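S.K.: Residues in the sequence shown are numbered from 4 upward in steps of one, following this note's numbering.
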Amino acid sequence: MVFDDNRLTIPSNDEYSVAQLRMMIREVEEIIPRSISLDEWMAL
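1. Taking only the alpha-carbon atoms, compute the straight-line gap between Leu24 and Glu18 and give it to the nearest angstrom.
2. Roughly how many angstroms separate the alpha carbons of Ile28 and Ser38, rounded to a whole number?
3. Taking the alpha-carbon positions, what's the Trp44 to Ala22 distance?
4. For Val31, is the classification buried or exposed, using 16 other Cβ atoms within 10 angstroms of its Cβ as the cut-off for buried?
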């Protein structure tokens, strides 16, 4: 994922643990300085 000058690698794993998903969502929220809704995440 690339946003402005930020790059976040999201692995293409079919199964993630809840902890891994939370970590990825928090990292994205830090990059875009706002919360992400479930619907928005699912649309990515």
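Just so it is clear, CB atoms sit at the ideal spot from N, CA and C, and this is done for glycine as well. Please read these numbers as outputs of a predicted model, since none were measured by experiment.
M.R.: For this structure:
1. 10 Å
2. 9 Å
3. 16 Å
4. With a threshold of 16 other beta carbon atoms within 10 Å, Val31 meets it and is buried.
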